[in-house]
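In mature numbering (1 follows the signal peptide of the UniProt record, and there is no 0), the protein residues as written are -20 to -1, 1 to 478.
Beta carbons are placed, not taken as given, at the ideal position from N, Cα and C, and that holds for glycine.
Have a look at the structure below, then the notes.
So this is what it looks like as structure tokens:
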């Protein structure tokens, strides 16, 4: 599939999603409830200074409006009430305004999210303020106690779409003219020569290839991850091998030997060299995440593997005579017990979690199958207190409310988070997070360790340079004060314990 086809399909995705789930401005109630951006949360002084220097702040100051500041208890969201005083002109005394921190993950802005009617004599002003505060506390407490993962929009004719609660999904219409103009005028990303890539991103022979039996012995009571390139990774927890989005082809397309995004960094091993796999996690149907050729090889070597896939995805696997297929919707949980070669029993609990993305393979099957992220917890079958949990984000935009729930519900030891395919942001950000957003996601879900995926492999047609995701991550990691060992980039084939 050529890059032009990719952009055309992305445009169809945007257009189709707007038909299924029209874009709209988030409500004041949603903005009040939406999880805080902890990385950009302002202090009281910063909040006031930023507001008072704004056009609204100057105007309100000249009209003798007063301000009252408070932070919500649960989400630590900053609020400021701007209300009239006795000196305020009479024609302006009938409204109170509520400002909060912006929902943007990239800047510390302040936005108007509510306008409240008050009586002209100001007699019920403080009552209104207290009522608003109590509503905020109640809504946030209810949210924290419930924490139920959202469900996708579902329609028999249109398939699946992201729910309206995803405020960064299609916030504005993208005109075909703008898209075509950009496609024709955009600069090509810089891709280093092969020799330069080999120096800056060397491919390492995986430990399970160097000595398969030693790998089995060393990982039966430990947890490690091996990045296989792009979004593919092998995670081994207490002897259970979990394979995420296995893709080994030279090109990410329906014709992997002829057309489509080309792979500039080879996988660290052939699919045949993988150890016996116990569970496979597939996030969605895009060609750079689902490789039929790899499926054939893996299913032959690991016939007892359980394939965890989103709703509607089973048809892609049934044609390869795979029988252990588990289709799951967001929030669903499945468990499975395995017996290792040593006789020890392990229990895996897999949860499908929301992701802000879409699915398509042919151009006419947009939204036919669901998409998701995955949580997998492996424990001793008898003592479940001995466990490790991994989170595989797949592809996703910034659905922060769901990420906050994931952080509340799960104790994540390892997160596999995408950092590539993010420029130009005006077009890409509904469906892919940037390195900076990936770091914020890491903080929101409270992962003990995160490994960057979805970068440094294919030329995906976006405009960031080939190795720019790693450079941006390192820069933004310093800016956000995240330790270099907490969110890392690795070389293909490199083994990382967690």
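With a contact defined as Cβ atoms closer than 8 Å, residue 383 and residue 421 qualify at about 6 Å. Sequence-distant Cβ neighbours of residue 300 in its own chain, meaning closer than 8 Å and more than five residues away, are 272, 275, 276, 279. Per DSSP, the unbroken alpha helix (DSSP H) holding residue 279 starts and ends at 272 to 281.
Residue 242 is positioned such that its CB atom lies closer than 8 Å to that of residue 439. Cβ-Cβ separation between residue 402 and residue 444: approximately 6 Å, consistent with a contact (criterion under 8 Å). Residue 319 and residue 459 have their C-alpha atoms spaced approximately 45 Å apart. In the structure shown, residue 116 adopts helical secondary structure according to DSSP, grouped into three states. Proximity of the segment 252 to 259 to the segment 393 to 407 falls short of the contact definition, fewer than three beta-carbon pairs being nearer than 8 Å.
In this structure, residue 449 lies away from residue 183, with their beta-carbon atoms at least 8 Å apart.
Here DSSP, grouped into helix, strand and coil, assigns residue 408 to helix. In the three-state scheme derived from DSSP, where H, G and I count as helix and E and B as strand, residue 105 is classed as helix.
For residue 203, the secondary structure class from DSSP, reduced to helix, strand or coil, is strand. Per DSSP, reduced to three states, the secondary structure at residue 310 is coil, with no helix or strand assignment. In the three-state reduction of the DSSP assignment, residue 135 falls in the strand class, which pools E and B. Fewer than three Cβ pairs drawn from the segment 186 to 200 and the segment 225 to 242 lie within less than 8 Å of each other, which leaves the two stretches out of contact. If you draw a straight line from the Cα of residue 442 to the Cα of residue 333, it is about 26 Å long.
Close CB contacts of residue 424 within its chain, under the 6 Å cut and outside five residues either way in sequence, are with 383, 384, 387 (chain order).
Rounded to whole angstroms, the gap between the alpha carbons of residue 248 and residue 35 is 55 Å. Residue state for residue 339 is assigned as coil, using DSSP reduced to three classes. Excluding its 5 nearest sequence neighbours in each direction, residue 108 has C-beta neighbours in its own chain below 8 Å: 76, 96, 98, listed in chain order. Contact between residue 211 and residue 433 holds: CB atoms are separated by about 5 Å, below the 8 Å threshold.
It is roughly 27 Å from the alpha-carbon of residue 111 to the alpha-carbon of residue 144.
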